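Each residue of the sequence shown is one higher than the one before, counting from 238 in the working numbering. Using N, Cα and C, we set each Cβ at its ideal position, and we do this for glycine too. Here the structure is a predicted model, which is why all the values come from computation and not from measurement.
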Amino acid sequence: GEEEEIALTNEEVGEEAELSDERYEFLKAHEQLVLTVTEYGYGKRSSSYDFRLTGRGGKGIRATDVSKTAEIGRLVATFPVGNDDQIMLVSDGGTVIRVPVNGIRFASRATKGVTIFNTAEGEKVVSVERISEPQSDEEAE
């Protein structure tokens, strides 16, 4: 609740902080992964901690290596994912693939990522959707 939010955000900017084992474990347990996918089928998983919190009208930060846009294409999707999730990608040529998220490499937000969808010449990824599996067999019934 509120205590957890304070624990995550109650640090002074520019202050050198020491990360205790308890704090590290807390942050690790609360880390979320963000999937980024480009129009030529490149993707990566990054830590949500790589993306700073900004207020409304904030400048923002780059989510991918913009010097590689000609090679990887523009960003088409960015959203939180879990290790057990899968994603479905659709191209403008009508090709659909389903990929497990845990097979997509972790990378910093400033990298291009890895190929998760081999698009044909002139083909682009136009849609990406997250698919969550039920937690247990009982939920699926």
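| Other residues of its chain near Ile-309: CB distance less than 6 Å, five sequence neighbours each side excluded | Looking up residue 309 in the sequence shown gives position 72. Excluding positions up to five away in sequence, the list reads Thr-275, Tyr-277, Tyr-279, Lys-349.
| request: With a cut-off of 8 Å on the beta carbons, I'd call Lys-281 and Ala-344 a contact; round off their distance for me. | output: For the purposes of this step, residue 281 is identified with residue 44 of the sequence shown, where counting begins at 1. For the purposes of this step, residue 344 is identified with residue 107 of the sequence shown, where counting begins at 1. Correct: roughly 4 Å between the Cβ atoms.
| task | State the Cα-Cα distance for the pair Lys-265 and Gly-319, rounded to the nearest angstrom. | result | The residue labelled residue 265 in the question sits at position 28 within the sequence shown. The residue labelled residue 319 in the question sits at position 82 within the sequence shown. Cα to Cα, Lys-265 sits roughly 14 Å from Gly-319.
| query | With C-beta atoms as the reference, is Val-362 less than 8 Å away from Leu-326? | reply | Sequence index remark: in the sequence shown, residue 362 carries index 125 (1-based). Sequence index remark: in the sequence shown, residue 326 carries index 89 (1-based). It is a contact, given that the beta carbons lie within the stated cut-off.
| Exposure of Glu-366, with buried meaning 16 or more beta-carbon neighbours within 10 Å | The residue given as residue 366 occupies position 129 in the sequence shown. So Glu-366 ends up on the exposed side.
| query | Who are the near neighbours of Leu-270 in its chain, counting only those whose CB is closer than 6 Å to its CB and skipping five residues on each side? | reply | By 1-based counting over the sequence shown, the position of residue 270 is 33. These residues qualify, in order along the chain: Arg-282, Val-318.
| Straight-line gap, Pro-337 to Thr-273 (C-alpha atoms, nearest Å) | The residue given as residue 337 occupies position 100 in the sequence shown. The residue given as residue 273 occupies position 36 in the sequence shown. Their backbone Cα atoms lie some 14 Å apart in a straight line.
| query | What does a CB cutoff of less than 6 Å around Asp-322 pick up in its chain, not counting 5 residues either side in sequence? | reply | Residue numbering aside, residue 322 sits at position 85 when the sequence shown is read from its first letter. So the list reads Val-338, Arg-367, Ser-369, once near-sequence residues are dropped.
| message | Rounded to the nearest angstrom, what separates Glu-239 and His-267 at their Cα positions? | response | Residue 239 sits at position 2 when you count from the first residue of the sequence shown. Residue 267 sits at position 30 when you count from the first residue of the sequence shown. Interpretation of Glu-239 is limited by its pLDDT of 48, a score under 50 that renders its predicted location unreliable; no figure is taken from the coordinates.
| field | Own chain residues within Cβ distance below 8 Å of Ile-334, not counting five before or after | value | The count along the sequence shown starts at 1 and reaches residue 334 at position 97. Correct list, in chain order: Met-325, Leu-326, Phe-354.
| query | Going by Cα to Cα distance, which pick from Arg-293, Gly-292, Ala-357, Arg-260 is closest to Asp-329? | reply | Numbered from 1 along the sequence shown, position 92 holds the residue referred to as residue 329. For Asp-329, the nearest C-alpha among the options comes from Ala-357.
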